[in-house]
Amino acid sequence: MLLSSLAVLCASRIVQASFFDNFVSPDVEYRPKFRYWLPDASAEIDAVVRDVADIAAVGAGGLEFIPYYQLGPQPTNWSEYGFGSESHRKIFRAVMEAAAEHEVLLDFSVGGNQGQGVPSEPEEVGLALELAYVNISIPAGHLFNGTLPLSTQPSNPELYNMHALEEFGQQNLSVILGMEVLALSDGSSGTVTIGRVIDLSDKVDPNARSISWFTPPADEGSTWRLVAWYERYTNQRSILGGPDPLNFVQNGSWIVDHFSAAGARKMTSFFDDYVVPDDADKELLSRVSKYAWEDSMEMNAALWWTTGFAELFRSSRGYEINTCLPFLIKKDTYWAAQTLPYRETFVSPNQTLAEGCNDDYRIVLLEAYHNYLEASVEWAHDKGIEYSTEPAYNLPLNLLDSISLSDAPEGESLGFNDNPDLYRHLAGSAHMAGIPVVSSECGAQRTTAYSQSPRDFLWHIRRGLATGITMNVLHGFGYSGPYVNTTWPGFTTFSYVFTDMWGPRMPAWKHINESIAYITRNQYLAQISKPRVDLAFYQYAAPFAKVVYDNDNLEDIGFTYDYIGPSSLSEKIAMVKCGILAPDGPAYKGIIFDNQTKITVAAAQQVKSFAEAGLPIFIIGGTNFSSPGSSSENASIVQQTMAEVLALNSSVTVVSSASDLPASLAALEILPRVSFRGADTGKWYSFWRSTDEAEFAFLYNDGNQTETKEIEFQGVVNTIPYIADAWTGLTRPLLLYWSEDTNMIVPVTLAPDQTLILAFVQHDMDNLPIAAPPSLVATTVSSGVKSLTSAQEESSSYILAYLSQGDSSIRLSNGTTLDYTANPPSPLQLPTWNITIQEWRSTDDKFSMETAITIHNFPNSTLASWGSLHPEALKDASGIAEYVVEFTTPASGTASRQLGARLHLGTITDSVRVWMNGNQLPPIDVTSASDVALDITRFITAAGETNHLHVELASTLYNHVRANADEIWTFGVAATLGNAAYYEANPPLDYGLVGPVWVEWLEIVEVI
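The sequence shown lines up with residues -17 to -1, 1 to 991 when you count with mature numbering (1 follows the signal peptide of the UniProt record, and there is no 0).
Shown next, in the form of structure tokens:
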């Protein structure tokens, strides 16, 4: 294998199944899935089964099944139709049977809603715990003699996406603190500066809650607070209970403890006993399921806690947590750093003390969370399936050190802000752990439902593919059957605010199988190959701070990079050979510390061993390294170890700012595997992957214009390059490139949001199912050469050139220059069409899920948006349109040459299919280019004969839903409730083929 002149010596060979054998139609495990939203167990089983069949019919790999049970009031009787009820059990069994019948995979949430909780008697072991507090202000030098009040649950209305913590249950007095208040800030969320903190826990009777305490004297103006901390259950539901529940199953679901194995067992035991209680169901689950799954944690607490947490803390960190407690009350301790439990935070003049407390708390909390994950994984593996979760983020936990614990870590395009650098956080640890499936809940946007086209969701997907995502779970597919107080087009989650509700209700669903196949082929490559990444950024962060390398200077050159945490440095493959870290994995050429000075003892020692073995280390900014936590011993070890690292001048480079990093890399002759030559005019990404057969480069134009770049690929001069077309599954020889030293240079043209896979195949792979390359290739072509294609004749290939009007030339790899003059017919404009628009709407019974279609015909019409064709009838229309036109093939300008043809469609925003003379053209990559052009040469008639061109466009439902939002409901909630402002600000979309559409005629010559 060839990665670079250095890495080729270090990387071991990888034994994999043939990529090219399966690229056309990869197995089901590589196919994207849909997140499937079941409203509740009142859903019609036949409709649910039909939904699974529809998902399978478009080529998807399966579904991520979520019993949704929305946050608001119950639309149906959840005592009868709740999670874990007999009705729910029947639906889940039907889903498993449908998955088996249609040969797709089932992922399922172990708990109700998004997987955070299950039905239980309140206050049982395994339910979520917290440490809540209440305080009493006392002047300095005064006596308090009395009973401590009980705590109250925090009220955080800004967490509108969650159920409130309910006020009931036992409170166990755990800690009493005397806290000196030095200052108070103004504002609704106050900052309390505290000085001395005195542990008074041994001075109180925990049962009577009585204490007598004389506050110490203090400076003038300061006061004291007596703070009582109570361990109690959070009493937070994930699903509301049914009316008049007769048992705990009917009383809804409670959030479980995510910081203990007991919490995991609480969830899995309920699933075993109430969702799949029968042996036949358990067997079927093991046969059809891929992943047991949990969504990102969406829950609240006064302070995250678990049974015995104080003892865990003492054992792990070597001291008592009690006097640290006030300093843990800070915004980034809580869900998504959005709230404070009692509208106040505590700070200390001694920032080192407070930071050490928080580090230590979060380290122990992470250890407790890992107990939960490990128990969940063990349960899944015992069933013969795997476990997937969206790990750690939203809570004060180290994401990077949690990723490797699940079989398929999952992120999300919404929570990760569609930021490729945030996907790299998810991918890096997975790469080091050898996890092939890195998943993304992809496509959700806070805009409005029914507004997403296939082109839109492909934008989300491509940004992930470019930076390490290997599986996409499309968000989402809603239950399609009838539901209480729900109108056409059907049940819709989240008050119509988020994209999207895919399925046959969407006109563009008719074409979605082509996009699904494209995603599948990209995911297939990503999962069967070894990722190769140029650089690794070290990062320690709890919580996941979404901190990224704030500079484009590496990507502009072509460098790829990951983010890895301390635990990745101790993975089995974390060794250095020939100056490469993890040569059997991502094969990093260096590690970068970008103002990251917090590092564990174990990680520091690993970094030292890497540097001593010759791995380049780059440090941007600070070098004042220390360990997380308050241990002075650990801090001293880290400082000494990293000082020794800094002294290794041959391996370590320190720069003052990120702008100096490219020059430092160049000085050590560290180059990207893929280099973008020339001036930077747009954002491109690459990703390198390896199999035993070939090296692969995935390229993505994330810019806003069509652009040609000369791209240099390291160390592949002795390979044969091919294009692996993810839209068709076909692999064809690359015909235009040249070599310099050991590298290959390829001019690549990509439209905005377009991708390309290049395969560099080893010469000894004669048995591969791909065409032999031509004996010569082109190294340069003039502007008159519009494209080069290869044709096969028995065991050899030859090159055809498509020439436009005038002179052109082609230089071949043997140094020969070929000159041509072409005289093709003039371009043919196609201004007049027969247009038929199928307008989609509800039937007269708006509660029916059937779609009514109204036909609008426009014979001999010029191209225009639907609203312009008939402003009164079609301004707010959604649906499918058919465009038909006929034209005659002219004679070639040069009698001896074949005529070539390219169809130009102009800008396309909808999904599209094209037929020429009854033959469907290959799938069309609808990018955001200003002109979508297709090669139709194979499909045109002979000169003088008539061609029949048929174009089909399918829209979203946005225009119709927007115009009728008051009358479109889910369980009685109108689409306008959450979207009125959006609809006001965003007018109807201009659906339709607007052109100009024309045929470009070319002459075809055989080059060699």
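Cβ atoms here follow ideal geometry from the backbone N, Cα and C, with glycine treated the same way.
Quick one: Cα of S1 to Cα of E676, how far? 7 Å
Considering only DSSP beta bridges, list what K513 is partnered with. S673
Would you tell me roughly how many angstroms separate the C-alpha atoms of D790 and W984, rounded to the nearest one? 15 Å
Taking Cβ positions, are K273 and I368 nearer each other than 8 Å? yes
Three-state class that DSSP yields for V956 in the structure shown: strand
Since M899 is in the beta strand (DSSP E), which residue starts that stretch and which ends it? S894 to M899
For the alpha helix (DSSP H) that contains P526, what are its first and last residues? That residue, P526, is in no alpha helix (DSSP H); it is neither H nor E in DSSP.
On the premise that R515 lies in contact with P569, defined as a C-beta separation below 8 Å, what is that separation, rounded to the nearest angstrom? 6 Å
For D240, the nearest candidate out of V180, Y257, E361 and Q99 (CA to CA): Q99
8 Å Cβ cutoff met for E678 and T714: no
Curious, which full-length beta strand (DSSP E) runs of at least 3 residues does the stretch 305 to 376 contain? 327 to 330 and 369 to 372
I'd like the list of long-range same chain contacts for S669, defined as Cβ closer than 7 Å, with 5 residues on each side in sequence excluded. G541, T543, V657, A680, F681 and L682
Simplified DSSP assignment, three categories, for W492: helix
Bridge partners of C425, per DSSP? L457
Pull the bridge partners of G161 from the DSSP assignment, please. I181 and L209
Using the C-alpha atoms, what's the distance from Y406 back to N468? 39 Å
DSSP three-state assignment for Y406, whether helix, strand or coil: helix
Could you please give me the residues that DSSP links to P50 through a beta bridge? L21
Those residues which DSSP pairs with D188 across a bridge: S193
C-beta contact flag for L448 and W485 at 8 Å: no
Backbone CA spacing between D182 and I600 [nearest angstrom]: 45 Å
Relative to the C-alpha of F440, which candidate in S911, E855, L356 and A878 has its C-alpha closest? S911
How is the alpha helix (DSSP H) around V590 delimited, first residue to last? V584 to E595
Local conformation of V78 per DSSP, three classes: helix
Helix, strand or coil: which one does DSSP assign to A707? strand
Range covered by the beta strand (DSSP E) that runs through W823: T815 to S825
In whole angstroms, what is the alpha-carbon distance linking L(-12) and S673? Confidence at L(-12) is low in this model, with a pLDDT of 32, below 50, so its placement is unreliable and no value can be given for it.
Apply the 10 Å Cβ neighbour rule to S(-14) and answer buried if 16 or more other Cβ atoms are within range, or exposed otherwise. The predicted position of S(-14) is uncertain, since its pLDDT is 34 and thus under 50; no value can be drawn from it.
From the DSSP output, which residues share a beta bridge with V988? A784
Is it true that the CB of S423 sits closer than 8 Å to the CB of I386? no
From what residue to what residue does the alpha helix (DSSP H) around D685 run? Premise fails: D685 is in no alpha helix (DSSP H) and is neither H nor E.
Contact defined as beta carbons within less than 8 Å: I believe N962 pairs with A948. What is the distance between those atoms, to the nearest angstrom? 6 Å
Under 6 Å Cβ to Cβ from G235, same chain only, skipping five residues before and after it: list those, please. R220, I222, L223 and G224
What does the alpha-carbon distance come out to for the pair V32 and Y433? 23 Å
Could you tell me the alpha carbon to alpha carbon distance between D483 and I602, rounded to whole angstroms? 43 Å
With 16 other Cβ atoms within 10 Å as the buried cut-off, status of M(-17): Confidence is the limiting factor: at M(-17) the pLDDT is only 28, short of 50, which leaves the residue's position unreliable, though a coordinate-based value still follows. Classification of M(-17): buried, given that the 10 Å Cβ count is 16 or more.
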